[in-house]
Every structure is written in structure tokens, then in C-alpha cells.
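First to last, the protein sequences are chains A and B. Oh and the first sequence: position 154 is 167 in this note's numbering, straight run, nothing missing. Oh and the second sequence: position 65 is 310 in this note's numbering, straight run, nothing missing. Even glycine gets a Cβ: it sits at the ideal position worked out from N, Cα and C.
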Amino acid sequence: MLLLPCISGRALAAISQLAAWAGDLVVADGLLASRDVLQGDGVPEQAHRVLEASKMGELLEALKRKGYEVIGPTVRDGAIVYDKVESAKDLPAGWTDEQGPGRYRLKRRDDGTLFGYAVGPQSWKKYLHTADVRLWSAERQGVTFRILNNEAQPRHPLAFVGVRACELAAIAVQDRVLLDDKYRDPIYEGRRAGAFTIAVQCTQSAATCFCASMGTGPWVQSADLVLTELVGSKGGHRFVAWARSNRGAEVFAELPTAPATEQDSKEADAAVAAAAGEQVRSIDTAGIKELLYQNFEHPRWGNVAGRCLTCANCTMVCPTCFCTTVEDVSDVTGDHAERWRRWDSCFTQSFSYIHGGSVRTSTQSRYRQWMTHKLASWIDQFGSSGCVGCGRCITWCPVGIDITEEVAAIREGGKNGNP
Amino acid sequence: MSSKSKHKPRIGVFKFASCDGCQLSLLDAEDELLGVAGAVDIAYFPEATRAMSKGPYDIGLVEGSITTYQDAQRIQEVRRQCKSLITIGACATAGGIQALRNWKDVDEFIRVVYATPQFISTLKLSTPIAQHVPVDFELRGCPINKYQLIEFITATLAGRKPNVPSYSVCIECKRRANVCIAVARGVPCLGPVTQAGCGALCPSYDRGCYGCYGPMETPNTASLTNQFRILGQTDSQVARAFRGFNAWAWQFRKASEECERT
Chain A
14 MLLLPCISGR ALAAISQLAA WAGDLVVADG LLASRDVLQG DGVPEQAHRV LEASKMGELL
74 EALKRKGYEV IGPTVRDGAI VYDKVESAKD LPAGWTDEQG PGRYRLKRRD DGTLFGYAVG
134 PQSWKKYLHT ADVRLWSAER QGVTFRILNN EAQPRHPLAF VGVRACELAA IAVQDRVLLD
194 DKYRDPIYEG RRAGAFTIAV QCTQSAATCF CASMGTGPWV QSADLVLTEL VGSKGGHRFV
254 AWARSNRGAE VFAELPTAPA TEQDSKEADA AVAAAAGEQV RSIDTAGIKE LLYQNFEHPR
314 WGNVAGRCLT CANCTMVCPT CFCTTVEDVS DVTGDHAERW RRWDSCFTQS FSYIHGGSVR
374 TSTQSRYRQW MTHKLASWID QFGSSGCVGC GRCITWCPVG IDITEEVAAI REGGKNGNP
Chain B
246 MSSKSKHKPR IGVFKFASCD GCQLSLLDAE DELLGVAGAV DIAYFPEATR AMSKGPYDIG
306 LVEGSITTYQ DAQRIQEVRR QCKSLITIGA CATAGGIQAL RNWKDVDEFI RVVYATPQFI
366 STLKLSTPIA QHVPVDFELR GCPINKYQLI EFITATLAGR KPNVPSYSVC IECKRRANVC
426 IAVARGVPCL GPVTQAGCGA LCPSYDRGCY GCYGPMETPN TASLTNQFRI LGQTDSQVAR
486 AFRGFNAWAW QFRKASEECE RT
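Right, here's the structure in full:
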């Protein structure tokens, strides 16, 4: 009896990756259209209304009444993470983050904002494209075997509270990768289709943010509900909010809101504009594909390899990195077997292992692969950049490697006569 | 797979200089052990049973490092008796915590510690098994993870490659959705240069990784050393971090010696 295939999933993944590079994958158009359908119902922007901050709990209750499991930001282990949110008390009221390359610190703020931070270590892929999924299990039955159902789907649809513009862009990128191709990922699809998104526009940026330069934020293009938190003005602590889908409007209708004044809307827009204005990092994306394609050989790759730990943290925290490996496990009796899908990273040796060894043995080849795929070949493969400018790879790199700095160095080298 | 018809693989468990903790991992796997005991013939395991069958063995699990002339001879005989030889734990794979003596004068230790030093016969170095005989597979850790041991035995019985990754602890830490303590709290953590396998145990309990599983596949110890200095660690603190259970693993050894040089 053969339960386990001769070709490892890893090898298959490597083959499909090679096929992808070779341009076998068809790039579908209409990315934005498909995103809108998944994101909501594509209804036109509704009138702005005001929700008092003290009523945030009612929004969470309304979601729960509709059968959603509510996931949102909460403070744990010195960071703002995404986890189950029972009530507004779980939200990070009065907390903010201070970020830099390889550094994150949770700080108190005195204004009691609920979403007064940038982004934490986790992204929504924690829930949509989970780290470990049992694809199926099997048990021996005489000379044959029986496949048992997987249990990869959540029991309740998920509602995400506090989704940032860059994160919505990241979800759209993963939609493109995991849903819009010939091979759809049914696990992602199941989790994604039911998910309700409540976006909160950023009113401050971390030092590692660069969404403005990537064109992904801080303004939110599409979600079920869009909120902007305002505090410290004469209108008091409140959210300027609008629905962007029919189901969003339904939830919205259950909330005690008042019409927003023109002043409210202006204030909200100014707060988001201020967040864009305070970003200190950026990537010059002009001709970036050509830039990186023309610089496979560049002394900067060796330079970054001196610092890179190949620890894979950047890929684990990246909200668009989607690579997985497949692990077959069996018990000692050989009567039960399971197939698990787990997050993988292009920074490991096994990732590029094909018959005879790893294709990318050096650190510089791996960093180059990651960055060139993220910023350049992703465009050929999926029709957009793979980077949304959230800055997580900068903050959560244990040695603070800064992708914006690396791109700038490559560009600089190009100007000064690239060897 | 067809274990019923074939003969059961014979396993021998051999101890060299070590604390026995890794062998105990096998005994500790109570639930799984019933399955293991049914599927394999534990032919030699002095820690667990007085019944000792002679070799040859299909699988030899070797714990401990080589520290004496006698052991240096004995490992040759063990190798001859075992079709596959698997080293288990930091002592067997890297020389263990006792390899700290490799930087010191062993004779002086003996004079200070023992009343009659002339009875003590030992080697100057504590060395890993692979320095003496060819090794087929290494299970890292101090102690090893019993699930990795069971996985190794299970995979061997099924004729498949064991799922024993050689990438960093960070991957396990992130899969567990831990917040990185190095980034969020400035804790010096060896996770980025250490091989996975423990399930990111220490970082999950708010401690920096101690490097129990030894160097990962491509450890950049120089870059991490630099980062430890940025986090305020002195060179002697960095050197001590690398001088743990896997101090004699060459990448960690090089890292600690470079710190001592500066």
C-alpha cells in the first residue's frame, strides 16, 4: 500500500514555482473588480456618519449577533496582535507602537484612542492563510485506506476589526495569488469568502511605514465598513464611518450613529493625510522591475548577505508571502497518516531543494530571490507588486534589514556604474 | 509499511559521556512507546532493561560525546554493529556542555577536583560522535524532542524521510504566532541562528533562545553577534551565549572565539 507519494510536496512546490517563473501562469486582469466582489458587494460609497467611540462595543455586538467571530487588535506580550475580541475592553485603548528597523516598543498614549497604532507583528494571513493546516488524514482499512475530511474551516465566519489599508491591499494580493488562478485554494477561499472587514484608516504612521509610496494607503479603497478615528478635537472621541457593501450597511443600520457634518469628514480626511505625510520611508517604484532585473549582479546583494540571518522572519511577517510546504506525517503503527500544509520560506535551504540539492545555497541568492520576486517578478506573475509597504519586514527583522534602503542602494549603484 | 511480514528492526541505545536525558526521552514517550515497542525490537537499552541482546542492530541511537580513550575505541565497535547510526542530543552531535573544558586545561581540573588524580584518564577534548565515525542522521537538542525521536523512528519504519527541519527557531516561533522578544523587548535570543525542533519553547515562555538545538543550516553568527552588541551585550556576554550546550559546534565555537579576540 502506498500512502505517501514519491515526490515530496516541497519538490512539487518547487516545480510549480519554476513553472511560474517561466511565465506559465496566466495573469488575469480585473484584479480590482474581483477584489471588490470579495471585499463586499461593490456598492457605491455611502454617506458618512459618526459613531461615538463609546459605542464601539455595540458594533462588536452587532457582528456577533450576525454570527461572526470577531477578530481584532489586542495587547499581548508587549505588542498589538490580532486575536479574538470579546468586547471593546479587549481593544488596545490608549496604546501605541514605536517602530524602527529591528525594533518595536509598545507605548502608552494619553488620549485613549482604540486604534492609535500602525501595524503589529501579525497580519490577517494568520486567519486567512493559516500557518498550519491539516489538508487531510487517512486511516488504513485492510489492504486499502480511507481519506477523512479535513477540518480546516472555521466554525463561524470571521469579522476582522481594525484592518489597515495596506492590509486590505495585502489581502487583495493574496486573493490574486490564491483565488484568481486556475488552481484555487479552497481553504483560503472558505475563510476568505465569509470574512467581514472593518477597516480603520491610519491616522498615524510608524517610522517603518511606506504604504504611501506603494500606492496602497493610508486611504482605504474597499471594505465592508470604513472607519476613521478622531480624538482631541471639539467633536470628541468618535469615528467617522461609512459602509462600502450591503452587508456593511446592514450592520451599520443597527448602530446608533448620527450624520457626519462636513467638518467631521474634512477632519477625518486631514487625519489620514497627516499619516501619509509623516511617513519617513519610501520606495521609488518607477521602473523597479527593470531596475531589479538588470541588477542580478550587484555588490549590494553581497553586502546584505553579510547582515541577513536567513532566519525567515521577514517572510513569516509579510502579509503577502504565501509559500507553504507540505509535510506528510504518519504514526508509528503506519495505520494513520496526515498531510499538513505549513508556512514555508524562500530563506530556507529546503525551499529550493530539488533533486541533487538546493538551487539557492548562498544567502545573497536567497535575499535577491525574495526581494526581486516581491518587487519585480511578482508584477509579471500576478500583475501587481508583492509589497504593500506595511514595513513589517523592516521592524521584525532581528537585525533590522530595511527593504527601502536596499532598493535605494541598488538604484544608487545603478547610477554610479553598476559592475 | 508492511511491518507484519518483515522482521522488526532491532534498535540499540548506547550511552557515552552524557546525562541520560536524551535516552529518557524515549522512555518518556509512554503513549507512543507502546507503538514503538510493538513495531521495533529494542534489543539493547541498558537504561531501560536488563535484557541485552547482541548485535548487529538495524538502528543504533547514540547519546553522549567522546571524552575517554575507552569510549573512542567503543564507538568504533558500536559503529560496526549498527546498520544506521543516529546521534541523539547536543553531546553526541556537538560535544555537549562538557566541551567547555576544550578551552581549559583538563589536567588542572583533575588536580583540583580529584584526591588521587593518577586514577583519572581522560582526553583533552570532548568531541562529537561524527568526529570519530560516520553518522547517518543527527537529532539535535538538549535534550532531544521526544516527538522528533518518534518521528525519526516512524519515518524509518515507513521508509520516508523524517520531518526534521534544519531551518531557524524563528520559523517555529512565528508559526506559533509568538511576538518576537528580541524585537519587541530587546532580549538577546539565539533563535535566528539556532536549528528548529524544540517548538520555540523558550521564546514562548518569554526567554531568549539558548541555542539547545545547535547551529541552523546557514547561521550568520557574525551578524547576530553585532546585533547583540547593539542590544547592549558585552563581548564576554555574547561569547557566553554561544558557549552553551553546543559550544563546540564549529559555527558557535567560531562565534565565541571571535568575541574573545576583540
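Can you list the residues of chain B that residue i reaches, using a CB-CB cut of under 7 Å?
{"i": "residue 325 (chain A)", "result": "412, 413, 415 and 416"}
{"i": "residue 221 (chain A)", "result": "Correct list: empty, because the minimum Cβ distance to chain B is about 11 Å."}
{"i": "residue 343 (chain A)", "result": "399 and 403"}
Is there at least one Cβ from chain B nearer than 8 Å to residue i's Cβ?
{"i": "residue 144 (chain A)", "result": "yes"}
{"i": "residue 10 (chain A)", "result": "Residue 10 (chain A) lies beyond the residue range present for chain A, which begins at 14 and ends at 432; the question has no answer from this structure."}
{"i": "residue 384 (chain A)", "result": "no"}
{"i": "residue 176 (chain A)", "result": "no"}
{"i": "residue 408 (chain A)", "result": "yes"}
{"i": "residue 139 (chain A)", "result": "yes"}
{"i": "residue 6 (chain A)", "result": "Because chain A spans 14 through 432 in this model, residue 6 (chain A) falls outside it and cannot be assessed."}
{"i": "residue 135 (chain A)", "result": "yes"}
{"i": "residue 365 (chain A)", "result": "no"}
{"i": "residue 361 (chain A)", "result": "yes"}
Leaving out five residues on either side along the sequence, give the residues of the same chain with a beta carbon under 6 Å from the beta carbon of residue i.
{"i": "residue 41 (chain A)", "result": "Caution is warranted here: a pLDDT of 34 is assigned to residue 41 (chain A), below 50, making its placement in the model unreliable, and the coordinate value is therefore given only provisionally. If we look at residue 41 (chain A) and ignore the five residues flanking it on each side, its Cβ neighbours are 193."}
{"i": "residue 355 (chain B)", "result": "362 and 365"}
{"i": "residue 417 (chain B)", "result": "441, 444 and 445"}
{"i": "residue 464 (chain B)", "result": "438 and 496"}
{"i": "residue 175 (chain A)", "result": "85, 86, 128 and 213"}
{"i": "residue 301 (chain B)", "result": "326"}
{"i": "residue 96 (chain A)", "result": "87"}
{"i": "residue 207 (chain A)", "result": "170"}
Could you check where the beta strand (DSSP E) with residue i kicks off and where it finishes?
{"i": "residue 476 (chain B)", "result": "Segment: none, residue 476 (chain B) is in no beta strand (DSSP E) and carries neither H nor E."}
{"i": "residue 173 (chain A)", "result": "171-176"}
{"i": "residue 116 (chain A)", "result": "116-121"}
{"i": "residue 397 (chain B)", "result": "From DSSP, residue 397 (chain B) is part of no beta strand (DSSP E) but of the alpha helix (DSSP H) over 391-403."}
{"i": "residue 365 (chain B)", "result": "Note, residue 365 (chain B): premise wrong, no beta strand (DSSP E); not H, not E."}
{"i": "residue 82 (chain A)", "result": "82-89"}
{"i": "residue 94 (chain A)", "result": "92-97"}
Grab me the residues of residue i's own chain with a C-beta within less than 7 Å of its C-beta, minus the 5 sequence neighbours each way, in chain order.
{"i": "residue 455 (chain B)", "result": "435, 447 and 489"}
{"i": "residue 340 (chain A)", "result": "353 and 355"}
{"i": "residue 349 (chain B)", "result": "none"}
{"i": "residue 46 (chain A)", "result": "Any reading at residue 46 (chain A) is ruled out, since the residue's pLDDT is 35, under 50, leaving its predicted position unreliable."}
So residue i contacts chain A; which residues on that side make the cut at Cβ distance below 8 Å?
{"i": "residue 469 (chain B)", "result": "322, 411 and 412"}
{"i": "residue 419 (chain B)", "result": "144, 325, 326, 329, 330 and 356"}
{"i": "residue 503 (chain B)", "result": "None at all; the shortest Cβ gap to chain A is about 14 Å."}
{"i": "residue 486 (chain B)", "result": "Residues of chain A passing the Cβ test: none, with the nearest at roughly 14 Å."}
Closest Cβ-Cβ distance between residue i and chain A: below 8 Å?
{"i": "residue 398 (chain B)", "result": "yes"}
{"i": "residue 440 (chain B)", "result": "no"}
{"i": "residue 437 (chain B)", "result": "yes"}
{"i": "residue 330 (chain B)", "result": "no"}
{"i": "residue 307 (chain B)", "result": "no"}
{"i": "residue 463 (chain B)", "result": "yes"}
{"i": "residue 293 (chain B)", "result": "no"}
{"i": "residue 390 (chain B)", "result": "no"}
{"i": "residue 393 (chain B)", "result": "no"}
{"i": "residue 281 (chain B)", "result": "yes"}
{"i": "residue 275 (chain B)", "result": "no"}
{"i": "residue 500 (chain B)", "result": "no"}
{"i": "residue 478 (chain B)", "result": "no"}
{"i": "residue 496 (chain B)", "result": "no"}
{"i": "residue 380 (chain B)", "result": "no"}
On the DSSP letters alone, give me the boundaries of the alpha helix (DSSP H) that residue i sits inside.
{"i": "residue 379 (chain A)", "result": "376-385"}
{"i": "residue 497 (chain B)", "result": "495-506"}
{"i": "residue 268 (chain B)", "result": "266-273"}
Verify the contact flag: residue i, CB atom, against every heavy atom of the ligand ZN, threshold strictly below 7 Å.
{"i": "residue 394 (chain B)", "result": "Ligands displayed in this structure: none; no statement on the ligand ZN is therefore possible."}
Could you list which residues in chain B have their beta carbon closer than 9 Å to that of residue i, in chain order?
{"i": "residue 404 (chain A)", "result": "In chain order: nothing, as chain B lies at least about 12 Å away."}
{"i": "residue 116 (chain A)", "result": "428, 429 and 431"}
{"i": "residue 319 (chain A)", "result": "465, 467 and 468"}
Identify the contact partners of residue i in chain A, using a Cβ-Cβ distance below 7 Å as the criterion.
{"i": "residue 430 (chain B)", "result": "91"}
{"i": "residue 427 (chain B)", "result": "411"}
{"i": "residue 491 (chain B)", "result": "Result: empty, since nearest Cβ-Cβ is about 17 Å, beyond 7 Å."}
Using the beta-carbon of each residue, which ones in chain B are nearer than 8 Å to residue i?
{"i": "residue 167 (chain A)", "result": "Residues of chain B passing the Cβ test: none, with the nearest at roughly 15 Å."}
{"i": "residue 376 (chain A)", "result": "463 and 465"}
Short of 8 Å in beta carbon distance, which residues of its chain neighbour residue i, apart from the five on each side in sequence? Order them along the chain.
{"i": "residue 297 (chain A)", "result": "226, 420, 421 and 424"}
Segments assigned alpha helix (DSSP H), at least 4 residues, entirely inside the stretch 258-340 of chain A = 259-266, 275-290, 301-306, 312-320 and 326-330
Could you pull out every unbroken alpha helix (DSSP H) segment of at least 4 residues lying fully inside the stretch 347-424 of chain A, listed in chain order?
-> 376-385, 391-395 and 405-408
Taking only runs that begin and end inside the stretch 304-357 of chain B, name each unbroken beta strand (DSSP E) of 3 or more residues, in chain order.
-> 327-333
Where are the alpha helix (DSSP H) runs, 4 residues long or more, that stay fully inside the stretch 138-224 of chain A, in chain order?
-> 138-141, 178-191 and 199-206
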